[in-house]
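Undergrad: Quick one: the structure is below, questions incoming.
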Amino acid sequence: MFSWRVALRLAVAFTLAVGVTGMAKAEAKAPVCPPPDGGACYFTWIDTDGTSHTDNPTAGYCYQSPQTIAGANHTGRRVYLYGDRDCVGNSVKYVDPGLSWRDGSTVLWSYSLASS
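As numbered in this note's numbering, the sequence shown has no gaps in its residue numbers, which increase by one up to the final residue, 401.
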């Protein structure tokens, strides 16, 4: 018979396991700032409609940036740009810290920051 004590123990064990895993992931992600020019840390991308979007990204994650044609890297890491939504395969372009780009002929869909 399944008792409430067993259920409570399982719930506590699960909560601790999830919490410890989350802390390990947070510690594994290196900071992406300060940018080379100092100041705020962010990545800006512009879509085909001309709308500007600003993110404060973390290294090691993939971020969707639908129909991107331009942007600026104000982080301390290289940004890799991809032609798909999942940052899969080789990047199409990259933008080094402190630089920007504009290319209306290549539409990009996602980006990630270098891990180190």
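Using N, Cα and C, we set each Cβ at its ideal position, and we do this for glycine too.
Just so it is clear, the structure is predicted and the values come from calculations on it, not from any experiment.
1) What does residue 332 pair with, by DSSP beta-bridge criteria?
2) Hey, would you say residue 370 sits closer than 8 angstroms to residue 398, going by beta carbons?
3) I'd like to check one pair, residue 395 with residue 264: are the Cβ atoms closer than 8 angstroms?
4) When the distance is taken between beta carbons, is residue 345 closer than 8 angstroms to residue 328?
5) Taking all protein chains shown into account, do 16 or more other C-beta atoms lie within 10 angstroms of the C-beta of residue 375, making it buried, or fewer, making it exposed?
6) Can you give the beta carbon distance from residue 352 to residue 392, rounded, assuming they're within the 8 angstroms contact cut?
7) Give every residue of the same chain whose Cβ lies closer than 7 angstroms to the Cβ of residue 339, excluding the five residues on either side of it in the sequence, and list them in chain order.
8) Please classify residue 358 as buried or exposed, where buried requires at least 16 other C-beta atoms within 10 Å of its C-beta.
TA: With the structure as the only source:
1) 353
2) no
3) Any question about residue 264 goes unanswered here, given that the chain covers just 286 to 401.
4) no
5) exposed
6) 5 angstroms
7) 327 and 329
8) buried
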